[in-house]
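**Q**
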Amino acid sequence: LNKFGREVEVNVYTRHVVPARQAYAWQQTAENPATLIFFVLLLLLVLVSMASFRSPAVALMPDVTVKPLRSKANAVINLMGTAGGMLVQSDGTRFYMYGGTVCNNEAPNSNGGGIYFSTKSCPNVYGGEFYGNKSKGAGGIYFLNTTGEVSNIKVHDNEANGTAAGIIVTGKETVINMKDIEIYDNVNGGAVGGMSIQGYATLNLENAKIYGNEASSTGGGIYFSTPGYGIFKNVEIYENVSQKEAGGMFV
46 LNKFGREVEV NVYTRHVVPA RQAYAWQQTA ENPATLIFFV LLLLLVLVSM ASFRSPAVAL
106 MPDVTVKPLR SKANAVINLM GTAGGMLVQS DGTRFYMYGG TVCNNEAPNS NGGGIYFSTK
166 SCPNVYGGEF YGNKSKGAGG IYFLNTTGEV SNIKVHDNEA NGTAAGIIVT GKETVINMKD
226 IEIYDNVNGG AVGGMSIQGY ATLNLENAKI YGNEASSTGG GIYFSTPGYG IFKNVEIYEN
286 VSQKEAGGMF V
């Protein structure tokens, strides 16, 4: 209610989240201005390169194309420009998450019951809860050939029947920095209850708790394989269960 006693709709996202996001972006830019400068210069180079090719193509197309085919030729020019834009977008995704929940989703025949972060998706997850998701592998979160930062999240009560009920970090290009997270009460009918680091991926983990996870095969809490690279700081691993090797961590 406003001061006149009338009901007023308040957009919480616009009032709180958008200003916080803008303030964070400004802070990061102020601390690392080289990134912005590089982006502006790269954008200028790309636009000049595109214009130097496309402008003559558009201008000369009517002169080199017979009249009945000019519409089709113009469509081809526009199509190629659109395809190039699509390619750039698919190769440069940036994902930001500030709180929220990802729950009760299923991918029974694949990985990533909650979220699947694909190649070069660059996830930045600052807070959130992932629970009740089910999949063949990585019931909660799947990271593949990407770099990103994850902090202040809880991954719990997810299920899998393949590898890792909680999280999978995999791929030679993958470098994930995790901080202040909890992975607990995830259940896997296969190997790894909590988290698997594999495929030459790198995980930097700080201030984490991994507990209460269960696996029917190897690795109740954490599993390193084929190989994986990890730097752990202030990590607690306890009360995880494996029906085979390594109740806590398999290296």
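Residue numbering for the sequence shown follows the working numbering, beginning at 46 and increasing consecutively. Even glycine gets a Cβ: it sits at the ideal position worked out from N, Cα and C.
Between the region 166-185 and the region 79-88, can you find at least three pairs of beta-carbon atoms closer than 8 Å?
**A** Touching, no, given that fewer than three Cβ pairs across the two stretches are closer than 8 Å.
**Q** In the DSSP assignment, the alpha helix (DSSP H) including E76 goes from what residue to what residue?
**A** V63 to E76 is the span of the alpha helix (DSSP H), which, as asked, contains E76.
**Q** L248 lies in the beta strand (DSSP E); which residues open and close that run?
**A** Segment T247 to Y256, the beta strand (DSSP E) holding L248.
**Q** Comparing C-alpha positions only, which one of K289, K165, L92 and N222 sits nearest to N233?
**A** Of the listed residues, the one whose Cα sits closest to N233 is K289.
**Q** Can you give the Cα-Cα distance for I282 and F140, rounded to whole angstroms?
**A** Roughly 29 Å separates the two Cα atoms.
**Q** Could you pull out every residue in the same chain whose Cβ sits closer than 7 Å to the Cβ of V63, ignoring the five residues on either side in sequence?
**A** So the list is empty, once near-sequence residues are dropped.
**Q** If you follow the beta strand (DSSP E) that L189 is part of, which residue opens it and which one closes it?
**A** Looking at the DSSP string, the run of the beta strand (DSSP E) that includes L189 is I186 to L189.
**Q** Could you give the first and the last residue of the continuous beta strand (DSSP E) run that contains G148?
**A** Here residue 148 turns out to be Cys, not Gly, going by the sequence shown. From DSSP, the beta strand (DSSP E) with C148 extends over T146 to C148.
**Q** List the endpoints of the continuous beta strand (DSSP E) containing P168.
**A** Unbroken beta strand (DSSP E) run through P168: P168 to Y176.
**Q** Is it buried or exposed for T127, if we count other Cβ within 10 angstroms and need 16 for buried?
**A** Residue placement at T127 is poorly supported in this model, since its pLDDT is 48, which falls under 50; the coordinates are not used for a value here.
**Q** Count the other CB atoms within 10 Å of the CB of I276; is the residue buried (16 or more) or exposed (fewer)?
**A** So I276 counts as exposed.
**Q** By the 10 Å Cβ neighbour count, where 16 or more other Cβ atoms means buried, how is M223 classified, buried or exposed?
**A** Looking at its Cβ environment, which holds 16 or more other Cβ atoms inside 10 Å, M223 is buried.
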